[in-house]
Amino acid sequence: MVKKKTKKSVKISKDLTIHFMPFSEIARENSIGRVKKIMGHVLNNKLIILQGKLHPEDEKTLIANSMTLIGNIKGFQGIEIATISGEKGGMGLFNKIRHNIAKILVGEQDSMTIIGPATIVKEMKKDPSQMEVLLKK
Amino acid sequence: MKGNIFKNFASKLFSKLFRKKKEIKLGFYGSPNAGKTSLANQVCQDWLGEDLGSVSKIPHETREIQIKEKVVMEREGKKVEFKLVDTPGIATKIDFEDFMKFGIKKKQAQERAKEATQGIIDSIKWLDNMDAVVVLIDASINPYSQVNITILGNLQARKIPILVVANKIDLKKAKIDKVKKAFPGYDVVGVSAKTGKNMEEFYEELFKLIKKKK
Numbered sequence: 236m237v238k239k240k241t242k243k244s245v246k247i248s249k250d251l252t253i254h255f256m257p258f259s260e261i262a263r264e265n266s267i268g269r270v271k272k273i274m275g276h277v278l279n280n281k282l283i284i285l286q287g288k289l290h291p292e293d294e295k296t297l298i299a300n301s302m303t304l305i306g307n308i309k310g311f312q313g314i315e316i317a318t319i320s321g322e323k324g325g326m327g328l329f330n331k332i333r334h335n336i337a338k339i340l341v342g343e344q345d346s347m348t349i350i351g352p353a354t355i356v357k358e359m360k361k362d363p364s365q366m367e368v369l370l371k372k
Numbered sequence: 666m667k668g669n670i671f672k673n674f675a676s677k678l679f680s681k682l683f684r685k686k687k688e689i690k691l692g693f694y695g696s697p698n699a700g701k702t703s704l705a706n707q708v709c710q711d712w713l714g715e716d717l718g719s720v721s722k723i724p725h726e727t728r729e730i731q732i733k734e735k736v737v738m739e740r741e742g743k744k745v746e747f748k749l750v751d752t753p754g755i756a757t758k759i760d761f762e763d764f765m766k767f768g769i770k771k772k773q774a775q776e777r778a779k780e781a782t783q784g785i786i787d788s789i790k791w792l793d794n795m796d797a798v799v800v801l802i803d804a805s806i807n808p809y810s811q812v813n814i815t816i817l818g819n820l821q822a823r824k825i826p827i828l829v830v831a832n833k834i835d836l837k838k839a840k841i842d843k844v845k846k847a848f849p850g851y852d853v854v855g856v857s858a859k860t861g862k863n864m865e866e867f868y869e870e871l872f873k874l875i876k877k878k879k
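These protein sequence lines map, in sequence, to chains A and B.
To convert a position in the first sequence, counted from 1, into our numbering, add 235.
To convert a position in the second sequence, counted from 1, into our numbering, add 665.
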């Protein structure tokens with residue numbers, strides 16, 4: 236007896252593409268624009284390494300958007316996302332002010348966010364200062 | 666002196682505003698299988714003698730917002746009326762094949778996945794409507810999940826009072842300290858929603874939270 240092979244409609248490339256995204260690429264966009272740009276890459280099966288981190292509101296929109304797409308794009312299973320930030324403890328008042336001004340101007344430069352499609356990324360293991368990205372075979 | 670007068674005036678004003686509100690909408694948020702419904706059930710059993718929803722080891726058992734109104738809790742002579750809102754667990758991905766590993770048939774698994782995605786969207790929509798939120802974290806696994814960070818970040822941005830609950834402390838591998846370390850700016854209380862362990866401390870922290878809201 237021959238077993239039927241199941242076909243996925245989203246083709247997963249054997250090569251993994253990593254897209255490095257400077258925060259400036261999305262800084263001027265509004266929340267929807269930021270999510271649109273990110274999802275564009277994710278739907279092309281790219282793993283995004285974003286300089287900085289998203290606002291909680293953006294993350295919320297990103298999750299809701301992913302959920303909407305799960306039913307509508309065949310093979311899409313959602314996303315994996317994780318952010319790591321630099322140590323801020325022990326900062327003096329002056330450095331805190333400097334850090335907050337920089338945050339307003341250019342985003343959180345001491346953070347890094349990784350976003351990828353769940354069809355490629357199996358798991359993101361996070362510790363406060365380290366992150367491991369486990370990919371599917 | 667002037668400071669005290671202003672403080673008293675502000676306190677009375679907020680107190681009056683708060684009193685006008687009949688009940689406090691208390692949300693239960695967290696990742697799937699963190700124990701939101703188990704805790705909501707424990708609370709409902711303690712004050713009403715009945716459950717709110719069904720629980721299961723299979724993720725996304727709660728796929729619709731479940732509400733229990735008129736849950737009156739009393740502590741030190743003070744009565745507070747709550748509207749408990751148990752929400753579906755928030756996740757960033759859903760694969761129906763994961764449900765099949767629990768013995769669910771393909772068609773039912775696909776249906777469950779569809780309902781779960783809608784449940785997550787609904788949970789997110791309801792975030793803005795809460796008066797106070799209990800964020801449940803499974804203390805037996807790594808707490809550094811982006812979902813927890815996203816939920817807390819959004820609540821904090823809206824200045825909604827938060828109580829972090831480290832659940833499943835009855836398990837040997839549960840580590841409350843790790844949860845406390847992961848979320849240093851928040852009040853964390855460890856409980857076992859399954860066994861009812863530490864529920865007194867939970868209620869104590871909940872009343873403190875409500876007082877903050879006042």
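For every residue, glycine included, the Cβ atom is placed at its ideal position computed from N, Cα and C.
Because the structure is a prediction, the values reported are computed rather than measured.
| message | Rounded to whole angstroms, what is the Cα-Cα separation between residue 708 (chain B) and residue 794 (chain B)? | response | 21 Å
| said: Closer than 8 Å is the cut-off here; do at least three beta carbon pairs connect the region 725-739 of chain B with the region 824-839 of chain B? | reply: no
| task | Enumerate in chain order the residues of its own chain whose CB-to-CB distance from residue 236 (chain A) is below 6 Å, with the five nearest sequence positions on each side excluded. | result | For residue 236 (chain A), the predicted structure reports a pLDDT of 47, less than 50, and the residue's modelled location is therefore unreliable. A value from the coordinates is still provided. None.
| task | Taking only heavy atoms of the ligand SAH into account, decide whether any of them is closer than 6 Å to the Cβ of residue 854 (chain B). | result | Here there are no bound small molecules, and the ligand SAH is not part of this structure.
| task | Jot down the residue ranges of each uninterrupted alpha helix (DSSP H) in the region 824-854 of chain B, minimum 4 residues, whole runs only, in chain order. | result | 841-847, all fully within the region 824-854 of chain B.
| query | Contact check, residue 294 (chain A) vs residue 815 (chain B) under 8 Å by CB: the rounded distance? | reply | 4 Å
| query | If you drop the 5 nearest sequence neighbours on each side, which residues of the same chain put their C-beta closer than 8 Å to that of residue 693 (chain B)? | reply | 701, 702, 704, 705, 749, 750, 751, 752, 798, 799 and 801
| query | In this structure, does DSSP put residue 277 (chain A) in helix, strand or coil? | reply | Residue 277 (chain A) falls in the helix class under three-state DSSP.
| In or out: residue 365 (chain A) buried (at least 16 other Cβ within 10 Å) or exposed? | Residue 365 (chain A) is exposed by the Cβ-count criterion.
| Burial state of residue 281 (chain A), where buried means 16 or more other Cβ atoms lie within 10 Å | buried
| field | Beta-carbon proximity list for residue 260 (chain A), same chain, < 8 Å, skipping 5 on both sides | value | 272
| Taking the alpha-carbon positions, what's the residue 258 (chain A) to residue 773 (chain B) distance? | 42 Å
| field | Contact under 7 Å by Cβ, residue 305 (chain A) with residue 782 (chain B) | value | yes
| query | Out of curiosity, what's the CA-to-CA distance linking residue 284 (chain A) and residue 348 (chain A)? | reply | 6 Å
| request: Give every residue of the same chain whose Cβ lies closer than 7 Å to the Cβ of residue 804 (chain B), excluding the five residues on either side of it in the sequence, and list them in chain order. | output: So the qualifying residues of the chain are 831, 832, 833, 834, 839, 840, 841, 844 and 855.
| request: Answer with yes or no whether the minimum CB distance from residue 868 (chain B) to chain A is below 7 Å. | output: no
| Three-state secondary structure (DSSP) of residue 291 (chain A) | Of the three classes helix, strand and coil, the one that applies to residue 291 (chain A) here is helix, per DSSP.
| For residue 870 (chain B), the three-state DSSP class (helix, strand or coil) | helix
| said: Spatial neighbours of residue 823 (chain B) within its chain, please: C-beta separation below 7 Å, excluding the five flanking residues on both sides. | reply: 793
| field | chain B contacts made by the region 306-331 of chain A, where a contact means CB separation under 7 Å | value | 306, 312, 313, 314, 315, 316, 317 and 318
| Between B:738, B:720, B:687 and B:812, which lies nearest to residue 869 (chain B) when the distance is taken from Cα to Cα? | B:738
| task | Please list the residues of the region 785-811 of chain B that have a C-beta atom closer than 9 Å to any C-beta atom in chain A, keeping them in chain order. | result | Listed by position along the chain: 785, 786, 789, 790, 792, 807, 809, 810 and 811.
| message | Between the alpha carbons of residue 307 (chain A) and residue 301 (chain A), how many angstroms are there, rounded? | response | Roughly 10 Å between the two C-alpha positions.
| message | With a threshold of 7 Å between beta carbons, is residue 370 (chain A) in contact with chain B? | response | Not an interface residue.
| task | Output, in chain order, the set of chain A residues within a Cβ distance shorter than 9 Å of residue 818 (chain B). | result | Per Cβ cutoff of 9 Å: 290, 291, 292, 294 and 295.
| task | Check the DSSP bridge columns for residue 803 (chain B) and list the partner residues they point to. | result | B:832
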